[in-house]
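**Q** After the structure tokens below, expect a handful of questions from me.
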Amino acid sequence: MKKNNIGVIGLAVMGSNLALNIADNGYDVAIYNRTTKVGEDFLATNPHKNLHLYKTMEEFVDSLEKPRKIILMVQAGAPVDKVIESLTVLLDKDDIIMDGGNSNFNDTIRRTQEVEERGFKFLGVGISGGEEGARFGPAIMPGGSEDAYAHVSEILEKIAAKKDGEACCAYIGDNGAGHYVKMVHNGIEYADMQLIAESYSLLKNLGNFSNAELADIFNYWNQGELESYLIEITADIFKVKDPDSDADLIDVVLDKAAQKGTGKWTVEEALNTGTDASLLASSVFARFMSAQKDQRVFAEDLLNVNLENDVEKNQELVEKIRQALYASKIIAYAQGFDLMKNAAIEHDWDLDFSSIAKIFREGCIIRARFLNRIADAYTKNPKLHNLMLDEAFKNTLIDYQDSLREVSVLAIKNGVSIPAFTNAIAYFDAYRQGRSNANLIQAQRDYFGAHTFERIDKEGSFHHQWGEVNED
Ligand code: 6PG
């Protein structure tokens, strides 16, 4: 019997689409789902000569060529551990388990150790692109032992999205590195979405643009440097009519944003690694605030401050918002890449930021023309401290920061909440400040807790009796 090249466990949306993608690329794929009916239904609607469904895990495992390569596409968390438990009793030394879900990188570090101690290989594989990406080419971020990656690189790179002939899949680093990069991708995804939503607030509430006009604006923006998947789908969204009423669909969608947790993990990691990711954090907090719908409705009248809308609806405003959005986008990515840089030091990962930016260029949710510029920046200088310091980004920021300031002031004056934009300008100003206000924080710490301080003019740790003020 001819053996299958690879196996996929878990046939929900992502698993079934990924299996079809691998099968389309000419590989024989063994598929298995805990509830066989799910697999049967999937095959009934998607018959494929390269897909082979097995009813038991034993048959599934037996059908695979060695070393076996198995991708888990099951819900992140405990289900992954459960499947690994039942799978490993059936595997042979050097067989490879890949976790393709949105697992927390800490779990991936633990699982890598546990699984490899037992003689198997483990890869934590970040996969982005939703249903469509899984089916026709996702961005793939594999982490784990390089040796294990060598066995699966051909398949993963074949099924990945392509940009200028290059696969959007490359080895990321040891143990949890792949899932870490996927997590930061999601943190950036939250920021991109929040910045677009804030641009929508500004255009709608200050500029009074209609949905049809908004569709045109986003469509126009998508022809230039903001070109990206998220801008493109935003333009589409404004054109959709509600099938149940005369309204545009966007106007009947409830303004409460859900989340599955990867954005929150990114912010937790910013705190753990001591990274200023305030813009990314503000995007997660904005989702929390959006969820407080009842309180917001209650406060709307109670905290009404009657602000005048003194803004003129014109092209100049649209261009300022576009520039503010692009400048903030640079800052969001500067924070995301800074977080990865700090994590690389903490976890001893040798991350290649140019390669990571290239992976993000196609297939994933944050895919954008802009990613080429990030790849160029890190190709020129792999040790770049912060994206804002790259010559090209520096010039754009200097050109556009004025618009970011103007738009932020306008929003604050008119009572439009834009936390991501305002965090962007605050981060930019904080980062370019040679002398900050933290001398005062240090003085206060030393005053109330004798925590000591350093001086600008000599080495060492100093303490002062601050309460004894010199009166003369
Ligand atoms: C992707 C996405 C995906 C994520 C959704 C929803 O890269 O394909 O990041 O992994 O699950 O975008 O995320 P939230 O529910 O947290 O918004």
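Per our numbering, residue 312 is the first one in the sequence shown, and the count goes up by one each step.
Each residue gets a CB set at the ideal place from its N, CA and C atoms; glycine is no exception.
Pop quiz: asparagine 332 and isoleucine 470 are said to be a contact at Cβ under 8 Å. What is the actual Cβ separation, rounded to whole angstroms?
**A** Yes, asparagine 332 and isoleucine 470 are in contact; Cβ-Cβ is about 5 Å, under 8 Å.
**Q** Compute the minimum distance between the beta carbon of asparagine 413 and the heavy atoms of the ligand 6PG, and state whether it is under 7 Å.
**A** Asparagine 413: yes, Cβ under 7 Å from the ligand 6PG.
**Q** Please identify the residue among Ala581, Gly585, Gly572, Arg446 whose C-alpha is closest to the C-alpha of phenylalanine 599.
**A** Closest by alpha carbon: Gly572.
**Q** Could you spell out the range, first to last residue, of the beta strand (DSSP E) harbouring isoleucine 542?
**A** No beta strand (DSSP E) contains isoleucine 542, which is instead part of the alpha helix (DSSP H) from 540–548.
**Q** Based on the DSSP secondary-structure assignment, which residues constitute the bridge partners of methionine 452?
**A** DSSP output for methionine 452 lists Gly437 as bridge partner(s).
**Q** What residue range does the alpha helix (DSSP H) around histidine 363 cover?
**A** It is not in any alpha helix (DSSP H) - histidine 363 instead sits in the beta strand (DSSP E) that spans 362–364.
**Q** Please state if the CB of alanine 737 and the CB of alanine 643 are separated by a distance shorter than 8 Å.
**A** The answer is no: Cβ separation not under 8 Å.
**Q** With respect to 7 Å, is the separation between the Cβ of glutamate 500 and the closest non-hydrogen atom of the ligand 6PG below this value?
**A** Because some heavy atom of the ligand 6PG lies under 7 Å away, the Cβ of glutamate 500 counts as near it: yes.
**Q** Which residues mark the beginning and the end of the beta strand (DSSP E) in which tyrosine 482 is found?
**A** Counting along the chain, tyrosine 482 falls outside any beta strand (DSSP E), and DSSP gives it neither H nor E.
**Q** Does the ligand 6PG have a heavy atom nearer than 7 Å to the CB of glutamine 570?
**A** Checking every heavy atom of the ligand 6PG against the Cβ of glutamine 570, one is found closer than 7 Å.
**Q** Pull up the distance between the alpha-carbon of aspartate 659 and that of glycine 484, whole angstroms please.
**A** Roughly 9 Å between the two C-alpha positions.
**Q** Tell me, please, which residues DSSP counts as bridged to glycine 318.
**A** DSSP output for glycine 318 lists Ala341, Ile381 as bridge partner(s).
**Q** Is any non-hydrogen atom of the ligand 6PG found closer than 7 Å to the C-beta of asparagine 497, if you look at the structure I gave you?
**A** Indeed, a heavy atom of the ligand 6PG lies less than 7 Å from the Cβ.
**Q** Given 7 Å as the limit, tell me if threonine 573 has its C-beta closer than that to any heavy atom belonging to the ligand 6PG.
**A** Under cutoff, so the answer is yes.
**Q** Might you give, ordered along the chain, the residues of its own chain that have their beta carbon closer than 7 Å to the beta carbon of aspartate 545, omitting 5 neighbours on each side?
**A** Note that residue 545 is threonine in the sequence shown, not aspartate. The residues are Ile507, Phe529.
**Q** From alanine 323 to phenylalanine 520, what distance separates their C-alpha atoms?
**A** Those two C-alpha atoms are separated by around 40 Å.
**Q** Hey, alanine 722 and leucine 513 are a contact pair by Cβ (cut 8 Å); roughly how many whole angstroms apart?
**A** That belief holds up - the Cβ atoms of alanine 722 and leucine 513 are roughly 6 Å apart, short of 8 Å.
**Q** With DSSP as the reference, label isoleucine 408 as helix, strand or coil.
**A** Here isoleucine 408 sits in strand by DSSP.
**Q** Does aspartate 562 pass the burial test, meaning 16 or more other C-beta atoms within 10 Å, or should it be called exposed?
**A** When all chains shown are included, aspartate 562 counts as exposed.
**Q** In the DSSP assignment, find the unbroken alpha helix (DSSP H) run with glutamine 776 in it and report its ends.
**A** Unbroken run through glutamine 776: none, as it is neither H nor E.
**Q** Would you list the residues sitting across from phenylalanine 764 in a DSSP beta bridge?
**A** For phenylalanine 764, which the question treats as bridged, DSSP gives the partners Phe773.
**Q** If you follow the alpha helix (DSSP H) that glycine 498 is part of, which residue opens it and which one closes it?
**A** From DSSP, the alpha helix (DSSP H) with glycine 498 extends over 488–512.
**Q** Exposed or buried, which one is glutamine 606 when buried takes at least 16 other CB atoms within 10 Å?
**A** Glutamine 606 is exposed by the Cβ-count criterion.
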